[in-house]
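Visitor: Please read through the structure below; I'll follow up with questions.
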Amino acid sequence: MPSLVSLSPLTLADGPEFVAAALGSHRLHGRWVHPPQDLAAFAQRLEHLQAPSGLWLGVRRRDSGALAGSIELSQIVLGSFRSAYLAYLAFEGHAGQGLMRAGVGLAVRHAFGPLKLHRLEANIQPENQASIALVKSCGFEREGYSPRYLKIGGRWRDHERWAIRAD
18 MPSLVSLSPL TLADGPEFVA AALGSHRLHG RWVHPPQDLA AFAQRLEHLQ
68 APSGLWLGVR RRDSGALAGS IELSQIVLGS FRSAYLAYLA FEGHAGQGLM
118 RAGVGLAVRH AFGPLKLHRL EANIQPENQA SIALVKSCGF EREGYSPRYL
168 KIGGRWRDHE RWAIRAD
């Protein structure tokens, strides 16, 4: 069965579409994530997530080409560790349609295939049940709980650690 989405590295040319979608998705993102809200912040994030230590992918609908969300692989470490962190977000109008599940599935296959990683870790606030359901459906397992783990929206927030391994 063909995928509902395709993944491609985000570029500066994607900035206006990304920023417009992020601004229109504030209610959906709430306190969970704070994506770039202007072109300067988008460009800064893009520079931060450059290979070989990072990868920022656009999740595009195959039916319309619209940007439905994004996926980040960050802090990619090779050598004997072969691990990365996974983060993702959907945009308003595209959530709840299985698009991000398809996108995360493709990202996992890319991480374990061409990148030859051994492990991906996603850190999720315990109250974000939709995100937890997404990683569970993609085969991630809960590994632990980290109090006051990440500073999001100016506050240190608790997170659950979810991971998937290539084996």
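In our numbering, the protein residues as written are 18 to 184. Idealized CB from N, CA, C, for every residue including glycine. All of these numbers come straight from a predicted model, not from anything done at the bench.
#1: So, is ASP31 buried or exposed, given that buried needs 16 or more other C-beta atoms within 10 angstroms?
#2: Go to SER100, then tell me how far its beta strand (DSSP E) extends in each direction, as first and last residue.
#3: Is the beta carbon of ALA101 less than 8 Å from the beta carbon of LEU137?
#4: Please report how far the alpha carbon of SER42 lies from the alpha carbon of PHE59, in whole angstroms.
#5: Is the beta carbon of LEU134 sitting closer than 8 Å to the one on GLY86?
#6: ASP175 to VAL22, Cα distance in whole Å?
#7: Between the alpha carbons of GLN146 and ARG172, how many angstroms are there, rounded?
#8: Terminal residues of the continuous alpha helix (DSSP H) containing GLU64?
#9: What did DSSP end up calling GLY75 once you bin it into helix, strand or coil?
#10: On the CB-based measure, 16 or more other CB atoms within 10 Å of its CB, does LEU66 come out buried or exposed?
#11: Cα separation between ALA184 and ALA128?
#12: Per DSSP, which residues does ASN140 bridge with? Please list them.
#13: Could you tell me the boundaries of the beta strand (DSSP E) in which PRO33 lies?
#14: Using alpha carbons as the reference points, say which of LEU72, LEU106, ILE169 lies closest to LEU84.
#15: On a CA-only basis, which of ALA104, ARG48, ASP80, ASN140 is nearest GLU89? Give me that one, please.
Guide: Concretely, from the data shown:
#1: buried
#2: Start and end: 100-107.
#3: yes
#4: So the two alpha carbons sit approximately 15 Å from each other.
#5: no
#6: 31 Å
#7: 19 Å
#8: 56-65
#9: Strand, per DSSP.
#10: buried
#11: One point to set straight first is that residue 184 is Asp, not Ala, in the sequence displayed. So the two alpha carbons sit approximately 13 Å from each other.
#12: For ASN140, which the question treats as bridged, DSSP gives the partners ARG178.
#13: Per DSSP, PRO33 belongs to no beta strand (DSSP E); it is in the alpha helix (DSSP H), 32-40.
#14: In terms of CA proximity to LEU84, LEU106 leads the group LEU72, LEU106, ILE169.
#15: ALA104
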